[in-house]
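By this note's numbering, the letter at position 52 of the sequence shown is numbered 493, and the numbering carries on one by one without gaps.
Think of the CB as a built atom: it goes at the ideal place given N, C-alpha and C, for glycine as much as any other residue.
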Amino acid sequence: SVNTLKNPPAEWQGLADSYKEFTVGEINGVPASFADPSVDGAIGGVDFVVGEVRYTVSGNGSLPLEDLIAIADSLPVDGSA
């Protein structure tokens, strides 16, 4: 989708500071938000922005975070942009 976040890393850090299911990491060298489905009934997911595009890999509540991260890592996205 089109990115509407003004400062994605700061917003994701705010989520991580406020909710224990969120952490901040990297996907292909760019900052990303991770939602762990094993914490507090979250569906899980990975969210990152490259250029003007926001990529979201959503889980279903049962896929492990490691699998969601692997899917996001496999997307053909050039993180150097």
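DSSP bridge partner residues for residue i (one or two, in chain order)
| i | result |
| --- | --- |
| TYR496 | PHE489 |
Proximal residues to residue i (C-beta, below 7 Å), its chain only, five neighbours per side dropped
| i | result |
| --- | --- |
| GLY486 | ALA476, THR497, VAL498, SER499, GLY500 and LEU509 |
| ILE484 | PRO478, SER499, GLY500, ASN501 and GLY502 |
Cα-Cα separation between residue i and residue j, rounded to whole angstroms
| i | j | result |
| --- | --- | --- |
| SER474 | GLY482 | 17 Å |
| SER521 | VAL471 | At SER521, the pLDDT of 49 sits below 50, so the modelled position is not reliable; the number obtained from the coordinates is stated separately. Distance between the alpha carbons of SER521 and VAL471: 8 Å. |
| ASN448 | VAL494 | 13 Å |
| VAL458 | GLU452 | Before going on, a small fix: residue 458 reads as Asp here, not Val. Going from the Cα of ASP458 to the Cα of GLU452 covers about 10 Å. |
| PRO505 | VAL518 | 22 Å |
| PHE489 | ILE512 | 13 Å |
Spatial neighbours of residue i in its chain, beta-carbon cut-off 8 Å, leaving aside the 5 residues before and after
| i | result |
| --- | --- |
| VAL480 | LYS461 and GLU462 |
Proximal residues to residue i (C-beta, below 6 Å), its chain only, five neighbours per side dropped
| i | result |
| --- | --- |
| PRO450 | PRO472 |
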